[in-house]
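Protein chains: 2
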Amino acid sequence: MRADAARNRAKVLDAARELFAEQGFDVPLDEIAAKAGVGPGTVYRHFPTKQALFQAVTEARVSAMIASAGSSGDPGADLFAFLRKMAGEAAAKRDMSDAIAVPSELRDSLHATLGGLLARAQEAGAVRADIVTQDLVSLMKGMLQSMHEGANPQVLLEIVLQGLQSRKP
Amino acid sequence: MRADAARNRAKVLDAARELFAEQGFDVPLDEIAAKAGVGPGTVYRHFPTKQALFQAVTEARVSAMIASAGSSGDPGADLFAFLRKMAGEAAAKRDMSDAIAVPSELRDSLHATLGGLLARAQEAGAVRADIVTQDLVSLMKGMLQSMHEGANPQVLLEIVLQGLQSRKP
DNA sequence: CAACATACGGAACGCGCGCCCCGGTTGGCA
DNA sequence: TGCCAACCGGGGCGCGCGTTCCGTATGTTG
């Protein structure tokens, strides 16, 4: 690979990282190219599609998050800690709320992780039993998006966490 | 107003009602016109903008819902009943989840109604005190949208309702 | 330094959608 | 019944965006 190609690739990744974080997946690709000081064609020489670029940018952080999914002795605490982590990331960077929505293998892994944590938490009786993975994913997706519309992220998170718990009579 | 004009206006409203309910605000206006058996120009002769058409279609139902906001002796029950009603509508018709999001006076009234119910429920101690209207609106918006993505609407609703309640120690 | 593959920039394309314009048509009043 | 204003259909415009194409520039190799 030529030296300038590598340099441009890095510049594109940097610009994409910043703009995806600020504005989410919907930021125009031309804007990323402009911020990188590069033409749109150059972006496409390095990444076949906008989604590929997005995945390249988010892969590291999402993978790290998935890897950090704890399995301590307390499955309920594990799930809640993971959800808190997701919410924390999403409150700071707008791209996290798209990583759960934009189709990719990464997204599927994330869903799978959530499913596993949910199942264990339900077995332990920490979370209401009538929820399936799809419900949790949709709920989180909606909540993460709501965080970028002026609502208080902390409050939203607590409402969801409390709502997930099984009622103790 | 000429007779055929009135007839076409009605046909447009019917088609819009059905398509907005099925697909939400994002349905192309040309599709509405086609279903009504009319050209796009005709739609714009009767409604200055797509949003105006949307408002004309949803106004009756939303106003009815706002009017039905109870103020019985139990403010907590009033709020929860209203939220249940919204969720019920949204689960059946996709346009309800847009009525809370698409800018219009109607939307503002809806937000105001939610704010009033919330404030009274909080005074009564039925709902956690650290929520503001904006939080509730965002939360509902996210939840209503999630309902159209394969999640179980009933479960989503119960999670939110339980999450809103103040913790009773 | 020459020569060539590689990479670059940005103009251009295709598409979808909201919205407008205009030549033709039609309903209702005199 | 004849005339005119009101109305109609649908082609077309403008815009934004993802993506592609190609003439030009540049890094690399011998």
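Chains as they are written, first to last, in my numbering: chain A, 1298 to 1466; chain B, 1298 to 1466. Backbone N, C-alpha and C fix where the C-beta goes; we use that ideal spot for every residue, glycine too.
Taking residue i as part of the alpha helix (DSSP H), name the residues at either end of that continuous run.
| i | result |
| --- | --- |
| D1327 of chain B | 1326-1333 |
| D1371 of chain A | Taken as a continuous stretch (DSSP letters only), D1371 of chain A belongs to no alpha helix (DSSP H), as it is neither H nor E. |
| T1410 of chain A | 1402-1420 |
| A1300 of chain B | 1300-1320 |
| M1362 of chain B | 1347-1364 |
| A1396 of chain A | 1393-1396 |
| V1457 of chain B | 1450-1461 |
| D1432 of chain B | 1430-1443 |
| G1447 of chain B | From DSSP, G1447 of chain B is part of no alpha helix (DSSP H); its letter is neither H nor E. |
| V1424 of chain B | Run containing V1424 of chain B: none; DSSP gives neither H nor E here. |
| V1399 of chain B | V1399 of chain B -> no alpha helix (DSSP H), and no H or E assigned at all. |
| G1338 of chain B | 1337-1343 |
Could you list which residues in chain B have their beta carbon closer than 9 Å to that of residue i, in chain order?
| i | result |
| --- | --- |
| V1424 of chain A | Neighbours of V1424 of chain A on chain B: none; closest Cβ ~10 Å, over 9 Å. |
Going by alpha carbons, who is nearest to residue i out of the options?
| i | options | result |
| --- | --- | --- |
| A1418 of chain B | B:E1446, B:F1377, B:A1303, B:A1307 | B:F1377 |
| G1385 of chain A | A:D1311, A:L1453, A:A1303, A:M1298 | A:L1453 |
| A1426 of chain A | B:G1412, B:P1325, B:R1425, B:E1455 | B:E1455 |
| A1331 of chain A | A:A1318, A:D1405, A:A1313 | A:A1313 |
| L1407 of chain B | B:S1365, B:M1298, B:R1342, B:S1463 | B:S1365 |
| Q1320 of chain B | B:L1403, B:G1460, B:K1390, B:K1438 | B:K1390 |
| L1301 of chain A | A:V1335, A:F1344, A:D1375 | It should be pointed out that residue 1301 of chain A corresponds to Asp in this sequence rather than to Leu. Measuring from the Cα of D1301 of chain A, the nearest candidate turns out to be A:V1335. |
| V1424 of chain B | B:P1372, B:T1410, B:S1401 | B:P1372 |
| A1361 of chain B | B:F1379, B:K1347, B:T1346 | B:F1379 |
In chain B, which residues lie less than 7 Å from residue i when you measure between Cβ atoms?
| i | result |
| --- | --- |
| I1428 of chain A | V1452 |
| D1432 of chain A | A1448, N1449, V1452, L1453 |
| L1411 of chain A | Those within 7 Å of L1411 of chain A in chain B number zero; the least Cβ separation is about 13 Å. |
Would you grab the beta carbon distance between residue i and residue j for me? Rounded to a whole angstrom, and I think it's under 8 Å.
| i | j | result |
| --- | --- | --- |
| T1355 of chain B | D1323 of chain B | Their Cβ separation, rounded to whole angstroms, is 14 Å, which puts T1355 of chain B and D1323 of chain B out of contact at 8 Å. |
| A1387 of chain B | L1433 of chain B | About 15 Å separates the two Cβ atoms, so there is no contact after all. |
| L1436 of chain A | S1443 of chain B | 6 Å |
| H1343 of chain B | V1399 of chain B | About 19 Å; that fails the 8 Å criterion. |
By the criterion of Cβ-Cβ separation under 7 Å, what are the contact partners of residue i in chain A?
| i | result |
| --- | --- |
| G1460 of chain B | I1456, V1457, Q1459, G1460 |
| S1401 of chain B | Simply none; closest approach about 17 Å. |
| S1310 of chain B | Note that residue 1310 of chain B corresponds to Leu in the displayed sequence, not to Ser. Under the 7 Å cutoff, chain A gives no residues; its nearest Cβ is about 30 Å from L1310 of chain B. |
| S1369 of chain B | What S1369 of chain B touches in chain A: nothing, since even the nearest Cβ is about 24 Å away. |
Starting from the beta carbon of residue i, find every residue of chain A whose beta carbon is closer than 9 Å, and list them in chain order.
| i | result |
| --- | --- |
| L1316 of chain B | Correct list: empty, because the minimum Cβ distance to chain A is about 24 Å. |
Subject >> Short-range partners of chain B found in the region 1438-1452 of chain A, where Cβ spacing is below 7 Å >> reply: When CB distances to chain B are screened at a threshold of 7 Å, the residues of the region 1438-1452 of chain A falling below it are K1438, G1439, M1440, Q1442, S1443, E1446, G1447, A1448, N1449, V1452, in chain order.
Subject >> Near-chain A residues of the region 1337-1352 of chain B - C-beta to any C-beta below 7 Å >> reply: none
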